[in-house]
Amino acid sequence: MRGAAMVDTVAAPSTASSVRLRNSGISSRHQCSGHITGESAFRIAGMNAIAALPMYNVSPALAADWHALLADVLKHVEPMAQIVEPNDLDAFWRQPGLLISQTCGYPFVLGLHEYVQLIATPHFDAPGCEGATYSSMLVTRAGTRFDSLDACRGARAAYNATDSNSGYNALRHAVAPLAHDGRFFGAALETGSHLGSLRALADNRADTAAIDCVTMAFVRDAYPQLASAVKEIGYAGASPGLPLIASKNISIEQIDALRVALDHAIATQPARARRLRLKGFSVLPHEAYDCIAQMENEARVANYARLA
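Going by our numbering, the sequence shown opens with residue 97, and the numbers climb by one from there.
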């Protein structure tokens, strides 16, 4: 998924682990994952640790807040990591020194899970979210006749990228029962981002799109004029939200320390957390994301393998 950017969220308890939170003085029971006590130090032997949160940088102000949150998290976790701005997310997520990042669930189930482990899944305060679950908001251009997905037959669809769960996979799954001989839309336009899809609707280059509901909430906050150019016609594809991930080279002690530091970053900066619409985190098992692959499979069985 190219950023602008469900399963119930019962936290999976982890075994008690000894960690050290660097220069922090944090000593709390972690809300996501279980018991965090004691002291230990960790290193990624022979590797440079890197980190980025690239998925919801919808506006410059939000990008700055995500960067600040990540910097606060990294202050309390060893080894020290460099915050980077990756150009190629697929390659970045596979780096052996990846300490923390965020990905879309679709790339995760399509093969990224072989390289990374789950840290936590955020809870967002946004319409279409419930706990660690999110969904796609189906939108059309304001003022058009398209008032339901079925009414969009023959319309022009916009999508951010073919590896996006919210913008492509969920829309394909929702359309599959309505398609005839693998066809439903009159055309499909790849835009590169959810913002790009919304702008395509506003500019009358497309008629409908599926937008990550968290992204849509951020757009309403940051770009109300753009948000007012579209109308909501429904939701699709409820699934676990975009997970925070780390390389499989990262130890469980480091993962636990990251979870503690994430909770601490929210608790100590509530105003920033509100701007980021962050309410908390859940630790989900790998299998929680299987429903995303199931959506793809069900669309293929219905002879609707691609948006068309």
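Think of the CB as a built atom: it goes at the ideal place given N, C-alpha and C, for glycine as much as any other residue.
Whether residue i touches residue j by CB criterion (7 Å)
i, j, result
"Ala254", "Ala296", "yes"
"Gly323", "Arg316", "Here residue 323 turns out to be Ala, not Gly, going by the sequence shown. Cβ atoms of Ala323 and Arg316: closer than 7 Å."
"Val235", "Glu328", "yes"
"Arg252", "Ala283", "yes"
"Phe188", "Tyr385", "no"
"Ala409", "Ala398", "The shown model of the chain, from 97 to 404, leaves out residue 409, and the question about it has no answer."
"Ala342", "Leu195", "yes"
"Pro336", "Leu374", "no"
Distance between residue j and residue i (C-alpha atoms, nearest Å)
i, j, result
"Ser289", "Val356", "31 Å"
"Gly121", "Ser378", "Low per-residue confidence applies at Gly121: pLDDT is 43, beneath 50, and the placement is therefore not dependable, though the value from the model is reported in the following sentence. Gly121 and Ser378: Cα-Cα distance of roughly 23 Å."
"Asp303", "Leu294", "10 Å"
"Leu185", "Ala247", "35 Å"
"Ile406", "Leu340", "There is no way to answer for residue 406, as the model of the chain reaches only from 97 to 404."
"Asn300", "Phe242", "13 Å"
"Leu372", "Asp277", "42 Å"
"Ala257", "Leu206", "14 Å"
"Glu286", "Ala401", "16 Å"
"Leu245", "Gly292", "20 Å"
"Gln321", "Thr364", "32 Å"
"Glu226", "Trp162", "21 Å"
"Gln191", "Lys344", "10 Å"
"Ala238", "Ala159", "28 Å"
"Ile346", "Ser155", "31 Å"
"Ala467", "Asp221", "No information on residue 467 is available, as it lies outside the stretch 97 to 404 that the chain covers here."
"Cys200", "Leu166", "18 Å"
Same chain only: Cβ atoms within 8 Å of residue i, ignoring 5 sequence neighbours per side
i, result
"His269", "Ala332, Gly333, Met391, Glu392, Glu394 and Ala395"
"Gln178", "Asn144, Ala145, Ile146 and Ala147"
"Gly274", "According to the sequence displayed, residue 274 carries Leu and not Gly. For Leu274, where only same-chain residues beyond five positions count, the Cβ hits under 8 Å are Leu245, Asp246, Arg249 and Phe280."
"Gly263", "Met97, Ser232, Tyr255, Asn256, Ala257, His290, Ser293, Ala305, Ala306, Ile307 and Asp308"
Chain-order list of residues whose beta-carbon lies under 6 Å from that of residue i (same chain, five-residue window excluded)
i, result
"Arg279", "Ala404"
"Asn144", "Gly193"
"Ala157", "none"
"Leu267", "Ala306"
"Gln198", "Leu149, Met151, Leu338 and Leu340"
"Val180", "Ile146 and Ala148"
"Thr240", "none"
"Met176", "none"
Cβ neighbours of residue i in the same chain (closer than 7 Å, five flanking residues each side left out)
i, result
"Ala369", "Ile362"
"Pro223", "Cys309 and Ala313"
"Tyr202", "Met97, Asp259, Ser260, Asn261, Asn265 and Ile388"
"Ser231", "Gly224, Cys309, Tyr331, Ala332, Gly333 and Ala334"
"Leu209", "Correcting the residue identity first, residue 209 is His in this sequence and not Leu. Cβ within range, chain order: His382."
"Pro182", "Ala148, Pro150 and Phe188"
"Gly164", "For the record, residue 164 in the displayed sequence is Ala; it is not Gly. These residues qualify, in order along the chain: Arg368."
When you compare the region 306-316 with the region 148-156, are there three or more beta-carbon pairs, one atom per stretch, that lie closer than 8 Å? yes
Quick one: which unbroken alpha helix (DSSP H) runs of 4-plus residues sit fully inside the region 136-202? Chain order, please. 156-171 and 185-189
Which runs of the alpha helix (DSSP H) at least 4 residues long sit entirely within the region 208-266? Give them in chain order. With a minimum length of 4 residues, no continuous alpha helix (DSSP H) run stays inside the region 208-266.
Taking contact to mean at least 3 C-beta pairs separated by less than 8 Å, is the region 163-181 in contact with the region 209-217? no
For the region 262-349, which segments carrying the alpha helix (DSSP H) assignment without a break, of at least 4 residues, lie completely within its bounds, in sequence order? 266-271, 290-298, 309-318 and 320-323
Could you tell me which uninterrupted beta strand (DSSP E) segments, each at least 3 residues in length, are contained entirely in the region 363-387, listed from first to last along the chain? Taking 3 residues as the minimum length, the beta strand (DSSP E) runs contained wholly in the region 363-387 are 374-378, in order along the chain.
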